[in-house]
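In case it helps, the working numbering puts the sequence shown at residues 174 to 520. All C-beta atoms, glycine included, are put in the ideal place defined by N, C-alpha and C. Here the structure is a predicted model, which means the values were calculated and not measured.
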Amino acid sequence: MERIRFGRTDLKVSRIAMGGIPIMRLSKPEAVRLVQRVLDLGVNFIDTATGYTDSEEKIGEAIRGVPRETLVLASKSPADDRTTFLQHLDRSLKRLGVDYIDIYQLHNVSTRKRYDAVFAPDGAFEGLMEAVKAGKVRYPGFSSHSVPLAIELMKTGKFSSVQLPFNCIDTEAEDVAVPLAKELGIGFIAMKPMGGGMLDNASLAIRYLLRYEHIVPDPGIERIEEMKEIVQLVNHPTPLTESEWKKIESLRKEVGSEWCHRCDYCQPCPEGIQISSVLSVKSFLKRMPLERAYQFLNETMRKVPSCTECRTCVSRCPYDLSIPELLKKNLRIWDEALKALNPGVNT
Ligand code: SF4
Ligand code: SF4
174 MERIRFGRTD LKVSRIAMGG IPIMRLSKPE AVRLVQRVLD LGVNFIDTAT
224 GYTDSEEKIG EAIRGVPRET LVLASKSPAD DRTTFLQHLD RSLKRLGVDY
274 IDIYQLHNVS TRKRYDAVFA PDGAFEGLME AVKAGKVRYP GFSSHSVPLA
324 IELMKTGKFS SVQLPFNCID TEAEDVAVPL AKELGIGFIA MKPMGGGMLD
374 NASLAIRYLL RYEHIVPDPG IERIEEMKEI VQLVNHPTPL TESEWKKIES
424 LRKEVGSEWC HRCDYCQPCP EGIQISSVLS VKSFLKRMPL ERAYQFLNET
474 MRKVPSCTEC RTCVSRCPYD LSIPELLKKN LRIWDEALKA LNPGVNT
């Protein structure tokens with residue numbers, strides 16, 4: 174598979190990366206086999222996070238014996254402070270079984286509060302710089318769900334890698350963040366290239382992103398057939414046809430009115446409802462084992478009935494989402510999904 178230079182780093186990455194979330198759903202032997210088969214297909218770039226339960230551990234086992242220099246590994250820490258960040262990094266190194274990680278990212282810098290915390294004295298960014306100096310990390314990066322904050326972070330000149338949601342439906346990054354990354358020589362990882370599981374047409378989704386030569390989509394896959402299809406698209410790229418552009422337009426219309434960008438501009442909700450998490454239920458269900466999704470999300474979902482329909486959130490949402498209605502709809506989806514768990518567990 175074609176390799177591209179990742180921003181201005183000296184990393185040569187495959188045109189597509191593998192995202193580390195869905196392997197949480199697989200047993201260890203299944204996950205190990207999947208990662209190894211993905212590597213056999215020519216993918217050399219794997220992106221995970223210390224928060225993705227046992228994802229790092231499974232990847233570590235899969236890459237044991239693979240020459241380190243042939244791989245590009247990326248992971249992330251959600252820590253705000255330096256000490257916890259460095260603890261997370263050491264844990265990532267241990268789980269992955271490596272001496273260094275190519276790209277270590279401040280995970281999900283999507284709010285001003287987190288932004289300020291990571292850059293505070295003794296904040297996570299200090300830890301990241303220390304790790305680069307110590308050779309434990311080659312390049313500093315971050316991920317975010319907020320395009321404006323990501324633009325600010327890119328402009329600091331402190332990062333070699335940016336990761337933002339970008340797909341044919343969620344195009345907020347497209348006008349400014351995507352060209353800016355190119356201009357500044359910052360490697361761009363397209364998070365959620367398949368819409369976090371919402372887009373099932375890999376051909377449209379991947380070919381849309383392949384139009385940008387400096388972008389690396391990192392689809393989360395859990396079956397080798399999915400990656401084979403994507404690799405085929407990467408190895409034999411063809412432009413989108415007129416009818417495919419029309420299809421994308423109609424997908425945007427169909428899904429766009431319910432698409433939460435997870436920017437959290439709607440917060441705070443006076444009732445403490447985590448709106449973006451509730452509106453991402455389908456994506457969680459698609460990407461996580463149900464038991465894990467239950468532990469992670471059920472408390473959040475159970476707050477939905479306390480919505481007073483004050484619509485404060487609606488007035489703040491730049492995408493005009495009908496939030497109270499969508500909260501109820503997502504709660505119904507959630508309760509329906511929970512029926513697959515033991516009866517009685519759903520409340
Ligand atoms: S409408 Fe509901 S979710 Fe939105 S701010 Fe009011 S209580 Fe919170
Ligand atoms: S509901 Fe609107 S404001 Fe809130 S996170 Fe989603 S897109 Fe952003």
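Can you check DSSP and say which residues form a bridge with S334?
Walking along the sequence shown from the start, residue 334 turns up at place 161. BP columns for S334 point to G314 and G360.
Distance check for V291 and M302, CA to CA, integer angstroms please.
Locating residue 302 in the sequence shown gives position 129, counting from the first residue. Locating residue 291 in the sequence shown gives position 118, counting from the first residue. V291 has its alpha-carbon roughly 12 Å from the corresponding atom of M302.
Distance, Cα to Cα, C436 vs S456?
The residue given as residue 436 occupies position 263 in the sequence shown. The residue given as residue 456 occupies position 283 in the sequence shown. In this model, C436 and S456 are separated by some 16 Å (Cα to Cα).
Taking the alpha-carbon of G224 as reference, which of L357, S265 and P491 has the nearest alpha-carbon?
Here residue 224 refers to the residue found at position 51 when the sequence shown is read from its first residue. Closest option to G224, Cα to Cα, is S265.
Between the C-alpha atoms of I189 and E482, what's the straight-line distance to the nearest angstrom?
Stepping through the sequence shown from its first residue, residue 189 is reached at position 16. Stepping through the sequence shown from its first residue, residue 482 is reached at position 309. So the two alpha carbons sit approximately 42 Å from each other.
V186 bridges to which residues according to DSSP?
Against the sequence shown, residue 186 aligns to sequence position 13. V186 is bridged by DSSP to I177.
Can you confirm whether the stretch 315-330 touches the stretch 268-287 when touching is taken to mean that 3 or more C-beta pairs between the two stretches lie within less than 8 Å?
Verdict: yes, contact present.
CA-CA distance, E386 and I448?
For the purposes of this step, residue 386 is identified with residue 213 of the sequence shown, where counting begins at 1. For the purposes of this step, residue 448 is identified with residue 275 of the sequence shown, where counting begins at 1. E386 and I448: Cα-Cα distance of roughly 34 Å.
May I ask you to report which of helix, strand or coil DSSP gives S248?
Looking up residue 248 in the sequence shown gives position 75. Three-state DSSP puts S248 in a strand.
By the DSSP assignment, the beta strand (DSSP E) with I379 in it spans what residues?
In the sequence shown, the residue the question calls residue 379 occupies position 206. Not the beta strand (DSSP E): I379 falls in the alpha helix (DSSP H), residues A375 to L383.
Could you check whether L207 and V245 sit closer than 8 Å to each other, using their CB atoms as the reference points?
As a working mapping, residue 245 is identified with position 72 in the sequence shown. As a working mapping, residue 207 is identified with position 34 in the sequence shown. V245 is not a Cβ neighbour of L207, given a cutoff of 8 Å.
Do you know offhand how far G233's Cα is from S495's?
In the sequence shown, residue 233 corresponds to position 60, counting from 1. In the sequence shown, residue 495 corresponds to position 322, counting from 1. In this model, G233 and S495 are separated by some 43 Å (Cα to Cα).
Nearest candidate by alpha-carbon position, reference Y467, set R460, L511, S488 and V428:
By one-based count along the sequence shown, residue 467 stands at place 294. The candidate whose alpha carbon is nearest that of Y467 is L511.
Ends of the beta strand (DSSP E) at Y277?
To locate residue 277, count along the sequence shown from 1; it is residue 104. Looking at the DSSP string, the run of the beta strand (DSSP E) that includes Y277 is I274 to L279.
Around the Cβ of F179, are there at least 16 other Cβ atoms within 10 angstroms (buried) or fewer (exposed)?
Locating residue 179 in the sequence shown gives position 6, counting from the first residue. With 16 or more other Cβ atoms inside 10 Å of its own Cβ, F179 counts as buried.
Taking the straight line between their C-alpha atoms, what separation do you get for G296 and S248?
Working through the sequence shown from its first residue, we reach residue 296 at position 123. Working through the sequence shown from its first residue, we reach residue 248 at position 75. The straight-line gap from Cα to Cα measures roughly 18 Å.
Quickly, what does DSSP pair F218 with across the bridge? List them, please.
Along the sequence shown, one-based indexing puts residue 218 at 45. Answer is V245, bridged to F218.
Please check the pair L372 and V451, which I expect to be a contact at CB under 8 Å, by giving their CB distance rounded to whole angstroms.
Counting from 1 along the sequence shown, the entry for residue 372 is found at position 199. Counting from 1 along the sequence shown, the entry for residue 451 is found at position 278. With a Cβ gap of about 20 Å, L372 and V451 do not count as contacting.
Name the one or two DSSP bridge partners that D254 has.
Here residue 254 is taken as the residue at index 81 of the sequence shown, counted from 1. D254 has G296 as its beta-bridge partners, per DSSP.
Going by the C-beta, is H434 closer than 7 Å to any heavy atom of ligand 2?
Indexing the sequence shown from 1 puts residue 434 at position 261. H434: yes, Cβ under 7 Å from ligand 2.
Ligand 1 and E444: does any heavy atom of the ligand fall closer than 7 Å to the residue's C-beta?
As a position in the sequence shown, residue 444 is number 271, starting the count at 1. For ligand 1, at least one heavy atom lies less than 7 Å from the Cβ of E444.
Tell me whether G192 sits in a helix, a strand or coil according to DSSP, three-state version.
One-based indexing of the sequence shown puts residue 192 at position 19. G192 carries a strand assignment under DSSP once its states are collapsed to helix, strand and coil.
Considering P410, what are the terminal residues of the beta strand (DSSP E) in which it resides?
Your numbering for residue 410 matches position 237 in the sequence shown. Note, P410: premise wrong, no beta strand (DSSP E); not H, not E.
Applying the 10 Å Cβ sphere with the 16-neighbour rule, what's the burial state of K419?
Here residue 419 refers to the residue found at position 246 of the sequence shown. Around the C-beta of K419, fewer than 16 other C-beta atoms lie within 10 Å, and the residue is accordingly described as exposed.
Rounded C-alpha distance that separates D508 from T256:
Residue mapping note: residue 508 aligns to position 335 of the sequence shown, counting from 1. Residue mapping note: residue 256 aligns to position 83 of the sequence shown, counting from 1. So the two alpha carbons sit approximately 39 Å from each other.
Length-filtered (3 minimum) beta strand (DSSP E) runs lying within the stretch 404-457:
None, since the stretch 404-457 contains no complete beta strand (DSSP E) of that length.
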